[in-house]
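Peer 1: Mind having a look at this structure? Questions to follow.
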Amino acid sequence: MKILVTGGAGFIGSHLLDLLNEENNVEVVAFDNLSSGRESHVPMGIKLIVGDVRDRELLDKVFAEEGFTAVIHLAAQTMVPYSIEYPDEDCDINLLGILNILECCRKYGVKNITFSSSAAVYGDNTNIPLKEDEKLLPTSFYGVTKMTSEHYLRLYHDLYGLNTTVLRFANVYGERQGAGGEGGVVSIFCKLLAAGKGITVFGNGEQTRDFVYAGDIAAALARTVNLTGYNTINVSTRKETSVNQLLLAFEKAVGRKFEVTYAPAREGDIFRSVLDNTNCIEKLDYCPQMELIEGVERTYQDYLKACEEVKG
Ligand SMILES: NC(=O)c1ccc[n+]([C@@H]2O[C@H](COP(=O)([O-])OP(=O)(O)OC[C@H]3O[C@@H](n4cnc5c(N)ncnc54)[C@H](O)[C@@H]3O)[C@@H](O)[C@H]2O)c1
C-alpha cells in the first residue's frame, strides 16, 4: 500500500509518519510546503515532496508518478484567529487544497481519503459529550472551511464512489507541537514554564477541554486507510479536563510549583468541550490511550530537549 500524507512535516504529521514508518508493506510519501512544518520531522527513508496543495500542476505530476492507494490530508491553515483575520487566505489553503486533492484522487484512481477535521465544526454547543450527528454551527472561518470540506468528502463518496473518512479531532497535544496552531494551550504552557515564567489563566480555570495525545491521533488516522463508505468519526478521550487539572499535570511534569495568575475570561471562549468517542471505538476499534500526566510529561521533556538543541 502506498500512502500520501499531506502536511506530513507538521506536528500531527510527524507522529503519523513515525507510526507508518514502522509498518510492513506500507510505503509513505509526505507532501508539505514547510510553511509551519519542518523537514526534520520527516523520518529517514520517507520521501518528502516540498510543494503547495494549491499547486494543481505539481499535484497532477505527483499523483500520476506515484500511484497512491490512499491519501491522508493534514495540510492546512490551522490557526483559528488567523482565519478570522484573513478568511480569504484560510479559504484558499483549506478549500482549494482539499478540492485539488479530491480531484487528483478521482482522476488517478485513489481508493481512500482521510480528512483531518476538528471540534471547531460544532461551535459553542453545550450538548456534551458531542456526538457526530450534532448540528454544526462553527464560530470561526476555520470551522467553516473544515465543515465545508466534510461536505466535499461526502459528495465525492456519493457521486464518485471514493471511500472518504472525516476524523474530527478534539484538542491535540504532544511532542513537536508549535505554539501557533489550534489547541496549543499545552505548548504555550511548556514555553512559559521552560522560560521560568508563570502562567496566566483566562477565567477561573474550570473551563474544560478534551486533550488527546498526538500519538493517539496518529493511531486513529492509520486505521482509516482501509475503511469503506463515508465515515465521520470524533477522535477524543471523552474526558473533560479543566485548565486547573492541566496545571496540576504540569506541576508533576515540571517537578515544582509555579505562579498562576487568573485574569478575566476572554470573550467568545467556549466554557466546556468534550467529544463522544463511541464511533471511534466501534468503527476504528480504537480508543485513545495516553494518560494526561504522562502525555504532558513527554511533551514538556521534548520541549526542553528541543530548547537545548537550539542552544547547541
Ligand atoms: N492540533 C490540533 O489540535 C488539531 C485539532 C483539530 C484538527 N487539526 C487538523 O489537523 C491537521 C494537522 O494539524 P497540525 O496541528 O499538525 O498543524 P501543523 O501546522 O503542524 O501541520 C500542518 C502542516 O501543513 C503544512 N501546510 C500548510 N499549508 C500548506 C499548503 N498550502 N500546502 C502544503 N502544505 C501545507 C504545514 O507546513 C504543516 O507542516 C490540520 O488539518 C489541522 O487543521 C489539528
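In this text, residue positions in the sequence shown follow numbering that gives the first Met the number 0: the first is 0, and each later residue adds one.
For every residue, glycine included, the Cβ atom is placed at its ideal position computed from N, Cα and C.
(1) Pairing CB atoms from the region 6–19 with CB atoms from the region 39–49, are three or more of them under 8 Å?
(2) Could you check how far apart the C-beta atoms of His156 and Tyr85 are, in whole angstroms? I think they sit under 8 Å.
(3) Might you give, ordered along the chain, the residues of its own chain that have their beta carbon closer than 8 Å to the beta carbon of Leu101, omitting 5 neighbours on each side?
(4) Given 8 Å as the limit, tell me if Gly214 has its C-beta closer than that to any heavy atom belonging to ligand 1.
(5) Going straight from the alpha carbon of Leu135 to that of Gly122, what length do you get?
(6) Below 8 Å, is the gap between the Cβ of Phe140 and the nearest heavy atom of ligand 1?
(7) Which partner residues of Phe168 appear in the DSSP bridge assignment?
(8) What whole-angstrom Cβ distance do Thr199 and Thr260 have, given they're in contact under 8 Å?
(9) Name the two residues that bound the continuous alpha helix (DSSP H) containing Val295.
(10) What residue range is occupied by the uninterrupted alpha helix (DSSP H) comprising Glu88?
(11) For Ile2 and Phe201, I'd like the C-alpha separation in whole angstroms.
(12) Taking Cβ to Cβ, would you say Gly173 is nearer than 9 Å to Gly108?
(13) Compute every distance between the C-beta of Arg53 and the non-hydrogen atoms of ligand 1, then say whether any falls below 8 Å.
(14) What residue range does the alpha helix (DSSP H) around His156 cover?
(15) Let me check understanding here. Comparing Cα to Cα, which of Ser272, Val224, Leu166, Leu15 lies closest to Asp209?
(16) Does the beta-carbon of Val49 have 16 or more other beta-carbons within 10 angstroms, so that it is buried, or is it exposed?
(17) What alpha helix (DSSP H) runs, 4 residues minimum, are completely inside the region 5–40?
(18) Please report the distance separating the alpha-carbon of Thr207 from that of Asp268.
(19) Quick one: what's got a C-beta closer than 6 Å to Met146's C-beta in the same chain, skipping five residues either side?
(20) Give the straight-line distance between the Cα atoms of Gly96 and Lys256, rounded to the nearest whole angstrom.
(21) Report yes or no: do the region 232–239 and the region 185–199 share at least 3 C-beta pairs separated by less than 8 Å?
(22) With DSSP as the reference, identify every bridge partner of Val109, one or two as the case may be.
(23) Below 8 Å, is the gap between the Cβ of Asp31 and the nearest heavy atom of ligand 1?
(24) Please classify Arg175 as buried or exposed, where buried requires at least 16 neighbouring CB atoms within 10 angstroms.
(25) Starting from Lys282 and walking both ways along the alpha helix (DSSP H), at which residues does that stretch end?
(26) With a Cβ-Cβ cutoff of 9 Å, do Val295 and Ala252 count as a contact?
Peer 2: To lay it out plainly:
(1) yes
(2) So it is not a contact: roughly 31 Å between Cβ atoms.
(3) Ile112, Tyr151, Leu152, Tyr155, Leu161
(4) no
(5) 7 Å
(6) no
(7) Ser117, Val234
(8) 5 Å
(9) 291–310
(10) 86–90
(11) 41 Å
(12) no
(13) yes
(14) 140–159
(15) Ser272
(16) exposed
(17) 10–20
(18) 11 Å
(19) Val120, Leu135, Pro137
(20) 45 Å
(21) no
(22) For Val109, which the question treats as bridged, DSSP gives no partner whatsoever.
(23) yes
(24) buried
(25) 277–283
(26) yes
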